[in-house]
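This report refers to the structure that appears directly beneath it.
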Amino acid sequence: MHADARIIPNNTVIEGDVCIVGAGAAGISMALDWTKTSHKVILLESGGFEYDDNVQDLYIGRGTGQRYYPLRSSRLSLFGGTTGHWAGMCSPFDEIDFIKREWVPDSGWPITRKDLDPFYARANEKLKLGPYRYDLEYWQKQWPSLKPFPLDAKTVWHKMWQLSPVWGPNGGLGEAYKDDIIKAKNVHLFTYATVVNVVANENVSSVREIQVKNLQGKTHTIKAKHFILAGGAIQNARILLASNTQAKQGLGNDHDVVGRYFMEHLEIQTAELWLFKPFPTDLFTFDGEEKRLWCELAIAKDVQIKNKILNGTAGLSPLAIAKHQQARMDVWQNEDPRKAIDNLLKSWGNAGRAAEREKGHAIERAYEFQTRIEQAPNPDSRVTIGAEKDELGVPRANLHWALTELDKRSIRSVNQLIGQEIGRAGLGRVRLKEFLRDEHDMSWPVGTNGGWHHMGTTRMGTDPTKSVVDSNCQVHGISNLYVAGAGCYTTSAAPNPTLTLVALSLRLADYVKDKLASA
Numbered sequence: 049m050h051a052d053a054r055i056i057p058n059n060t061v062i063e064g065d066v067c068i069v070g071a072g073a074a075g076i077s078m079a080l081d082w083t084k085t086s087h088k089v090i091l092l093e094s095g096g097f098e099y100d101d102n103v104q105d106l107y108i109g110r111g112t113g114q115r116y117y118p119l120r121s122s123r124l125s126l127f128g129g130t131t132g133h134w135a136g137m138c139s140p141f142d143e144i145d146f147i148k149r150e151w152v153p154d155s156g157w158p159i160t161r162k163d164l165d166p167f168y169a170r171a172n173e174k175l176k177l178g179p180y181r182y183d184l185e186y187w188q189k190q191w192p193s194l195k196p197f198p199l200d201a202k203t204v205w206h207k208m209w210q211l212s213p214v215w216g217p218n219g220g221l222g223e224a225y226k227d228d229i230i231k232a233k234n235v236h237l238f239t240y241a242t243v244v245n246v247v248a249n250e251n252v253s254s255v256r257e258i259q260v261k262n263l264q265g266k267t268h269t270i271k272a273k274h275f276i277l278a279g280g281a282i283q284n285a286r287i288l289l290a291s292n293t294q295a296k297q298g299l300g301n302d303h304d305v306v307g308r309y310f311m312e313h314l315e316i317q318t319a320e321l322w323l324f325k326p327f328p329t330d331l332f333t334f335d336g337e338e339k340r341l342w343c344e345l346a347i348a349k350d351v352q353i354k355n356k357i358l359n360g361t362a363g364l365s366p367l368a369i370a371k372h373q374q375a376r377m378d379v380w381q382n383e384d385p386r387k388a389i390d391n392l393l394k395s396w397g398n399a400g401r402a403a404e405r406e407k408g409h410a411i412e413r414a415y416e417f418q419t420r421i422e423q424a425p426n427p428d429s430r431v432t433i434g435a436e437k438d439e440l441g442v443p444r445a446n447l448h449w450a451l452t453e454l455d456k457r458s459i460r461s462v463n464q465l466i467g468q469e470i471g472r473a474g475l476g477r478v479r480l481k482e483f484l485r486d487e488h489d490m491s492w493p494v495g496t497n498g499g500w501h502h503m504g505t506t507r508m509g510t511d512p513t514k515s516v517v518d519s520n521c522q523v524h525g526i527s528n529l530y531v532a533g534a535g536c537y538t539t540s541a542a543p544n545p546t547l548t549l550v551a552l553s554l555r556l557a558d559y560v561k562d563k564l565a566s567a
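For the sequence shown, our numbering gives the first residue as 49, with consecutive numbering after it.
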């Protein structure tokens, strides 16, 4: 069922069993998971079904520290959320990502990879992926052309990705599941319903209601037994901090942790690989239609431990294509998020056509590494709110993105280790970019940026002084308030976050179902 909050009577009180704030990957996945239950689910979306510049302006914020994308363009405010930007890349986190690593400050999740495995399988289905298999051997049986480099897997291994067909150019999850949500009898979707305040009881032990507004001047009240914030890492932190009537520092923020530990994936062109002879393989490319697979080179667990580095992977792009993509950073910096993605896709197409014109052995011998690496948890990398407010009266978000020496040392080591293994195997040579050659240089090149992957800010943990939610994504000390999505990540791992955030959200959905059943 669907209602436009701009046209229903002002001051409407809407009641249900569960209220989900945000109809992106997390919110839609959870709502779908409830469609076969008897529970009334309220799903709130700040935007509509189409992009709206005025609603997008609510995301305007200020950035400091390491240069980052404009906050307005780093997320999409519409049904389907930022899956409208999504490239579709999916791969599960590794076992090492969940454990306590003594060289990674504040690492260690309160759950394990095994805890998430059954939910990863369900997330694969929601994202319309293939079977929950991410081992190269399985896919080689179907695609013999997926020929791996002859590397020692105890040092460098081939990490597989699947690519979802519901990625951005196909409309994301909004296009894929719009009809299912609207037709669901127990899911009540309200578009143009922006949450402006979360109201707790007197002793801040539970949430009574939330208040929503829109730019047409309507205000509504949502009452439910359970409330789940699924608006993304920055917006979830923002609304918790701004809901400071009963709790002066914001809800769930007794220990000043809300907004801290913001993490991104560092995605940087880091090296060139030149093979001694052509190595034809389809492993590092995908055709966008039948074979929606991708592979990157990853560092083995024991090697990460030995070298005390973060987890990271290197994707390979034929150099003939990569050199035609130098304007990509300017495209991503564009303030108009819809125009940015359209221009980026055009640049990829132009690069591919240019590479075709330049064929020959170089396209099978020369590659560029695009390294994606986790960011070390850092309490100084954080989201705060300031005095400036948006058109609905909510304080705007400020992002201070802060990197550490461990981040720089790790991205250098990942590329060095891959280069050494390629040399040992007699395949060729790897030449690092200039900014990685000096072991004492801890600076970052001008083009350093992230993957539009917002993580942290409401991190998961057992200690309320260092985390916002517990192992079930429930806000510490508040019995019916939860946070869904990548904001709950304790560490950010190397893969794109969407598959894991959907798995974690489905796990949360099961937990809330159990609480409703036992009430």
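Ideal Cβ positions, reconstructed from N, Cα and C, are used throughout, including at glycine.
Using the Cα positions of residue i and residue j, report the straight-line distance between them to the nearest angstrom.
{"i": "Pro153", "j": "Ala424", "result": "7 Å"}
{"i": "Val18", "j": "Val103", "result": "Since the first residue shown for the chain is 49 and the last is 567, residue 18 is missing from the structure and cannot be characterised."}
{"i": "Leu454", "j": "Leu358", "result": "8 Å"}
{"i": "His488", "j": "Pro140", "result": "33 Å"}
{"i": "Lys189", "j": "Ala346", "result": "22 Å"}
{"i": "Gly476", "j": "Pro198", "result": "12 Å"}
{"i": "Glu383", "j": "Arg115", "result": "Caution applies to Glu383, whose pLDDT of 48 falls short of 50 and renders its modelled position unreliable; the value that the coordinates give is listed next. Their backbone Cα atoms lie some 15 Å apart in a straight line."}
{"i": "Ile287", "j": "Val305", "result": "14 Å"}
{"i": "Thr329", "j": "Trp342", "result": "12 Å"}
{"i": "Tyr240", "j": "Arg444", "result": "18 Å"}
{"i": "Gly280", "j": "His448", "result": "16 Å"}
{"i": "Ser429", "j": "Val244", "result": "24 Å"}
{"i": "Gly219", "j": "Asp302", "result": "39 Å"}
By DSSP, does residue i sit in helix, in strand, or in coil?
{"i": "Lys162", "result": "helix"}
{"i": "Cys67", "result": "strand"}
{"i": "Asp52", "result": "strand"}
{"i": "Gln259", "result": "strand"}
{"i": "Cys138", "result": "strand"}
{"i": "Thr496", "result": "coil"}
{"i": "Trp157", "result": "coil"}
{"i": "Glu487", "result": "coil"}
{"i": "Phe327", "result": "coil"}
{"i": "Leu277", "result": "strand"}
{"i": "Val252", "result": "coil"}
{"i": "Leu529", "result": "strand"}
{"i": "Leu392", "result": "With a pLDDT of 48 at Leu392, under the threshold of 50, the modelled position of this residue cannot be trusted, and the question is left open."}
{"i": "Ile230", "result": "helix"}
{"i": "Arg308", "result": "coil"}
{"i": "Gln264", "result": "coil"}
{"i": "Gly360", "result": "strand"}
{"i": "Gly397", "result": "Summary for Gly397: the model assigns pLDDT 48, below 50, so the residue's position carries little reliability; its value from the coordinates is reported in the next sentence. In the structure shown, Gly397 sits in a helix (DSSP, three-state: H, G or I)."}
Going by the DSSP bridge assignment, what does residue i pair with across the sheet?
{"i": "Ser365", "result": "Glu416"}
{"i": "Trp209", "result": "Trp342"}
{"i": "Ala272", "result": "Gly64"}
{"i": "Pro443", "result": "Lys437"}
{"i": "Thr571", "result": "A question about residue 571 goes unanswered here, because the residues of the chain that appear run from 49 up to 567."}
{"i": "Trp187", "result": "In DSSP, Trp187 forms no bridge with anything."}
{"i": "Thr131", "result": "None; Thr131 has no bridge partner."}
{"i": "Trp449", "result": "Gly113"}
{"i": "Asn599", "result": "As shown, the chain starts at 49 and ends at 567. That puts residue 599 outside it, with no answer to give."}
Going by Cα to Cα distance, which pick from the options is closest to residue i?
{"i": "Arg161", "options": "Gly222, Ile147, Ile316 and Gln283", "result": "Ile147"}
{"i": "Arg340", "options": "Asp558, Ala171 and Leu194", "result": "Leu194"}
{"i": "Asn528", "options": "Gly471, Val246 and Trp82", "result": "Val246"}
{"i": "Tyr182", "options": "Pro192, Arg430, Asp163 and Leu211", "result": "Leu211"}
{"i": "Leu549", "options": "Met49, Gly132 and Ser77", "result": "Ser77"}
{"i": "Asn292", "options": "Asn249, Val204 and Leu451", "result": "Asn249"}
{"i": "Pro427", "options": "Ile459, Trp500 and Arg507", "result": "Arg507"}
{"i": "Lys354", "options": "Lys266, Thr333 and Ser461", "result": "Ser461"}
{"i": "Tyr180", "options": "Tyr537, Cys138 and Ile56", "result": "Cys138"}
{"i": "Ala414", "options": "Asn446, Leu451, Phe324 and Phe310", "result": "Phe324"}
{"i": "Thr112", "options": "His87, Met503, Leu451 and Asp511", "result": "Leu451"}
{"i": "Trp572", "options": "Leu331, Arg457, Gly467 and Lys226", "result": "For residue 572 there is no data in the structure shown, the boundaries of the chain being 49 and 567."}
Quick check on the DSSP output: the beta strand (DSSP E) that includes residue i runs from which residue to which?
{"i": "Trp191", "result": "No beta strand (DSSP E) holds Trp191; DSSP gives it neither H nor E."}
{"i": "Lys296", "result": "Counting along the chain, Lys296 falls outside any beta strand (DSSP E), and DSSP gives it neither H nor E."}
{"i": "Val462", "result": "Element bounds for Val462: not the beta strand (DSSP E) but the alpha helix (DSSP H), Glu453 to Arg472."}
{"i": "Val478", "result": "Gly476 to Leu480"}
{"i": "Ala319", "result": "Leu314 to Leu323"}
{"i": "Leu91", "result": "Val89 to Leu92"}
Which residues bound the alpha helix (DSSP H) around residue i?
{"i": "Ala281", "result": "Ala281 to Ala290"}
{"i": "Lys354", "result": "Lys349 to Asn355"}
{"i": "Ala73", "result": "Ala73 to Asp81"}
{"i": "Ala201", "result": "Taken as a continuous stretch (DSSP letters only), Ala201 belongs to no alpha helix (DSSP H), as it is neither H nor E."}
{"i": "Arg555", "result": "Thr546 to Ser566"}
{"i": "Leu126", "result": "Segment: none, Leu126 is in no alpha helix (DSSP H) and carries neither H nor E."}
{"i": "Leu237", "result": "Taken as a continuous stretch (DSSP letters only), Leu237 belongs to no alpha helix (DSSP H), being part of the beta strand (DSSP E) at Val235 to Thr239."}
{"i": "Asp101", "result": "Asp101 to Gln104"}
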